[in-house]
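Peer 1:
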Amino acid sequence: MDLYNLREQFAESGMMMCFNGPFSHSIIEEIGTALRNHLAAENIGKAAVLDVFAVYIELAQNVRNYLSLRELGQGEASSSIITIARWGDGYAVSSGNTILKEDSALICRRIAEINALTPEELKRQYKEQMRREVQPDALGAGLGLLEIAKRSSSAMVCSVRDINDKHTFFSLAAFI
Amino acid sequence: MEQLEIQQTASTPLVSFDDSGKTLRIVGESYPENSFAFYTPVLAWLGRYLQQHAQLTVDITVTYMNSSSIKCMLDLLDALEEAFKKGSNVAIIWRHDLENPRSFELAEEFCEEVTFPFDIVALSA
């Protein structure tokens, strides 16, 4: 494999950091720390650094929680991608992971719904979701996507591509 | 009353009870692998404490919380609110970095959820 070509592609697309593989909590933590150090050196405000970091954490933990909930945490399906790239004057944080085909429509619909919310509606939904009882077997509070939307400067973009008759590759990008 | 002392890590805050000052300190950042697993013993301790004692200050210096930690923090606020309504003397002091508006905004959102004293204090650099 020619890593030089890969590196050139990364450079062209403004890629700052990329991880591909199965990620554990400690990897999420380490990349997060590296990301913050990197951004701190870019001379941007503390709030902007924290927004990029927060979106990264929510995306990464969402992926991990989903794979664990759907028992996809082992083997090839567990391999996921997270990227942080420059995007105009801001940043794009993206995640890509395997999902079950049957979940695809629901996830994409939920993202479209959140994208359509006005800032006031978003704040209200966030508060409602905060107050909603968490199911005993839930891995998160269902707040992750709303948290990403709160910190984003434009709509999230998702895409899906079928891997086989059971699995779909799901990509989600957020812009800060 | 049993002690509560959880050491700080990169993704979990220090949680420490000081009996002499009747103060529960929460310091650091909060994005655990499993927020519910992390906060369950804290909430259990708080529940027992509030049944036996009528005074508590929760002193919080947290720069960042992920969404599931925010949910857990709300459960903590609810427990304090319930104790306050039964006449307990509870309060929160939330300290935030002046250069970190996100921590301040989070404090404001939490503050809207409760009626007991909730002070938001800027830390000088």
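Chains A and B, in that order, are what the protein sequence lines are.
Just so you know, the first sequence maps onto residues 163 to 338 in my numbering.
Just so you know, the second sequence maps onto residues 1096 to 1220 in my numbering.
The C-beta atom is built at its ideal place from N, Cα and C for all residues, glycine as well.
Which one of B:V1216, B:A1139, B:V1122 and B:E1207 has the shortest CA to CA distance from B:L1171?
Peer 2: As a position in the second sequence, residue 1171 of chain B is number 76, starting the count at 1. Here the closest residue by C-alpha is B:A1139.
Peer 1: Can you grab the Cα-Cα spacing for the pair A:S240 / A:H329, in whole Å?
Peer 2: Within the first sequence, the letter at position 78 stands for residue 240 of chain A. Within the first sequence, the letter at position 167 stands for residue 329 of chain A. A:S240 and A:H329: Cα-Cα distance of roughly 12 Å.
Peer 1: Hey, is B:A1202's beta-carbon within less than 8 Å of any beta-carbon in chain A?
Peer 2: As a position in the second sequence, residue 1202 of chain B is number 107, starting the count at 1. Chain A contact via Cβ: absent.
Peer 1: Short of 8 Å Cβ to Cβ, which residues in the segment 171 to 188 of chain A face chain B?
Peer 2: Flagged, chain order: H187.
Peer 1: On the DSSP letters alone, give me the boundaries of the beta strand (DSSP E) that B:E1124 sits inside.
Peer 2: By one-based count along the second sequence, residue 1124 of chain B stands at place 29. B:E1124 -> beta strand (DSSP E) spans T1118 to S1125.
Peer 1: On the premise that B:Y1159 lies in contact with A:L212, defined as a C-beta separation below 8 Å, what is that separation, rounded to the nearest angstrom?
Peer 2: For this step, residue 212 of chain A is matched to residue 50 along the first sequence. For this step, residue 1159 of chain B is matched to residue 64 along the second sequence. Yes, A:L212 and B:Y1159 are in contact; Cβ-Cβ is about 6 Å, under 8 Å.
Peer 1: Counting only beta-carbon atoms, is B:L1141 nearer than 8 Å to chain A?
Peer 2: Here residue 1141 of chain B refers to the residue found at position 46 of the second sequence. No, no contact with chain A.
Peer 1: Using a beta-carbon distance below 8 Å, is B:S1111 in contact with chain A?
Peer 2: Against the second sequence, residue 1111 of chain B aligns to sequence position 16. No, because no Cβ of chain A sits closer than 8 Å to the Cβ of B:S1111.
Peer 1: Spatial neighbours of B:F1112 within its chain, please: C-beta separation below 6 Å, excluding the five flanking residues on both sides.
Peer 2: Within the second sequence, numbered from 1, the residue matching residue 1112 of chain B stands at position 17. Closer than 6 Å at the Cβ level, and outside the excluded window around B:F1112, lie L1099 and L1119.
Peer 1: Please report the residue range of the beta strand (DSSP E) in which A:M318 lies.
Peer 2: In the first sequence, the residue the question calls residue 318 of chain A occupies position 156. From DSSP, the beta strand (DSSP E) with A:M318 extends over S316 to D324.
Peer 1: Report buried or exposed for A:Y166, applying the criterion of at least 16 other Cβ atoms within 10 angstroms of its Cβ.
Peer 2: On the first sequence, residue 166 of chain A is found 4 positions in, with the first residue counted as 1. Answer is exposed; the Cβ neighbour count stays below 16.
Peer 1: Closer than 8 Å by C-beta to A:I190: which residues in its own chain qualify, once you throw out the five before and the five after it? Chain order, please.
Peer 2: Position 28 of the first sequence, counted from the first residue, corresponds to residue 190 of chain A. For A:I190, where only same-chain residues beyond five positions count, the Cβ hits under 8 Å are I219, A222, Q223 and R226.
Peer 1: For B:P1108, which option in B:G1116, B:S1183 and B:E1128 has the closest C-alpha, if you only look at C-alpha atoms?
Peer 2: Against the second sequence, residue 1108 of chain B aligns to sequence position 13. Comparing Cα positions, the closest option is B:E1128.
Peer 1: Expressed to the nearest angstrom, what Euclidean distance is found between the alpha-carbon atoms of A:I243 and A:I325?
Peer 2: If you number the first sequence from 1, residue 243 of chain A lands on position 81. If you number the first sequence from 1, residue 325 of chain A lands on position 163. Their Cα atoms are separated by approximately 15 Å.
Peer 1: Count the other C-beta atoms from every protein chain shown that fall within 10 angstroms of the C-beta of B:G1142, then say buried if there are 16 or more, exposed otherwise.
Peer 2: Counted from its first residue, the second sequence places residue 1142 of chain B at position 47. Burial call: exposed.
Peer 1: Please list the partners that A:Q287 has in chain B, where partner means a Cβ-to-Cβ separation under 7 Å.
Peer 2: Here the question's residue 287 of chain A lines up with position 125 in the first sequence. Chain B residues near A:Q287: none, gap ~13 Å exceeds 7 Å.
Peer 1: Could you check how far apart the C-beta atoms of A:A196 and A:R313 are, in whole angstroms? I think they sit under 8 Å.
Peer 2: Taking the first residue of the first sequence as position 1, residue 196 of chain A is located at position 34. Taking the first residue of the first sequence as position 1, residue 313 of chain A is located at position 151. Contact doesn't hold; Cβ gap of about 20 Å is too wide.
Peer 1: Note down, in chain order, each residue of its chain lying with its Cβ closer than 8 Å to the Cβ of B:S1219, except the 5 sequence neighbours on either side.
Peer 2: Along the second sequence, read from residue 1 onward, the residue named residue 1219 of chain B stands at position 124. Cβ within range, chain order: L1193.
Peer 1: Give the straight-line distance between the Cα atoms of B:F1179 and B:S1106, rounded to the nearest whole angstrom.
Peer 2: For the purposes of this step, residue 1179 of chain B is taken as residue 84 along the second sequence, with counting starting at 1. For the purposes of this step, residue 1106 of chain B is taken as residue 11 along the second sequence, with counting starting at 1. Those two C-alpha atoms are separated by around 30 Å.
Peer 1: For my contact list, B:I1155 and B:R1197 are in at a C-beta cut-off of 8 Å; report their separation, rounded to the angstrom.
Peer 2: Stepping through the second sequence from its first residue, residue 1155 of chain B is reached at position 60. Stepping through the second sequence from its first residue, residue 1197 of chain B is reached at position 102. Not quite, the Cβ-Cβ distance comes to about 14 Å (not below 8 Å), so this is no contact.
Peer 1: Measure from the C-beta of B:K1166 to each C-beta in chain A and report whether the shortest distance is under 8 Å.
Peer 2: Here residue 1166 of chain B refers to the residue found at position 71 of the second sequence. Taking Cβ atoms only, chain A reaches closer than 8 Å to B:K1166, which makes this a yes.
Peer 1: Where does A:N205 land, buried or exposed, given buried means 16+ other C-beta within 10 angstroms?
Peer 2: Along the first sequence, read from residue 1 onward, the residue named residue 205 of chain A stands at position 43. Exposed, because fewer than 16 other Cβ atoms sit within 10 Å of the Cβ of A:N205.
Peer 1: Say yes only if the C-beta of B:T1210 is nearer than 7 Å to one or more non-hydrogen atoms of the ligand ATP, and no if none qualify.
Peer 2: This structure simply doesn't include the ligand ATP, nor any ligand for that matter.
Peer 1: Does any residue of chain A have a CB that is nearer than 8 Å to the CB of B:S1163?
Peer 2: In the second sequence, residue 1163 of chain B corresponds to position 68, counting from 1. By this cut-off, B:S1163 is an interface position.
Peer 1: Counting only Cβ-Cβ distances shorter than 9 Å, please list the residues of the segment 1120 to 1131 of chain B near chain A, keeping chain order.
Peer 2: Cβ contacts with chain A come from Y1126, P1127, E1128, N1129, S1130 and F1131.
Peer 1: Closest Cβ-Cβ distance between B:E1100 and chain A: below 8 Å?
Peer 2: One-based indexing of the second sequence puts residue 1100 of chain B at position 5. False, the Cβ-Cβ gap to chain A never drops below 8 Å.
Peer 1: For a contact defined as C-beta to C-beta under 7 Å, what are the partners of B:P1196 on chain A?
Peer 2: Counting from one through the second sequence, the residue named residue 1196 of chain B turns up at place 101. Residues of chain A passing the Cβ test: A209.
Peer 1: Quick check on B:M1096: buried or exposed, where buried means 16 or more other Cβ atoms within 10 Å of its Cβ?
Peer 2: In the second sequence, counting from the first residue as 1, residue 1096 of chain B sits at position 1. By the neighbour-count rule (16 or more Cβ atoms within 10 Å), B:M1096 is not buried but exposed.
Peer 1: When burial is assigned at 16 or more other CB atoms within 10 Å of the CB, is A:L168 buried or exposed?
Peer 2: The residue given as residue 168 of chain A occupies position 6 in the first sequence. Exposed, by the Cβ-count rule.
Peer 1: Quick one: list the residues of chain B neighbouring A:I219, beta-carbon separation under 7 Å, in chain order.
Peer 2: Locating residue 219 of chain A in the first sequence gives position 57, where the first residue counts as 1. Chain B residues near A:I219: Y1126 and N1161.
Peer 1: Counting along the chain, where does the alpha helix (DSSP H) carrying A:I206 start and finish?
Peer 2: Residue 206 of chain A sits at position 44 when you count from the first residue of the first sequence. No alpha helix (DSSP H) holds A:I206; DSSP gives it neither H nor E.
Peer 1: For A:G194, which residues from the same chain have a beta carbon less than 7 Å from its beta carbon, with the 5 sequence-adjacent residues on both sides left out?
Peer 2: In the first sequence, counting from the first residue as 1, residue 194 of chain A sits at position 32. So the qualifying residues of the chain are F215, Y218 and I219.
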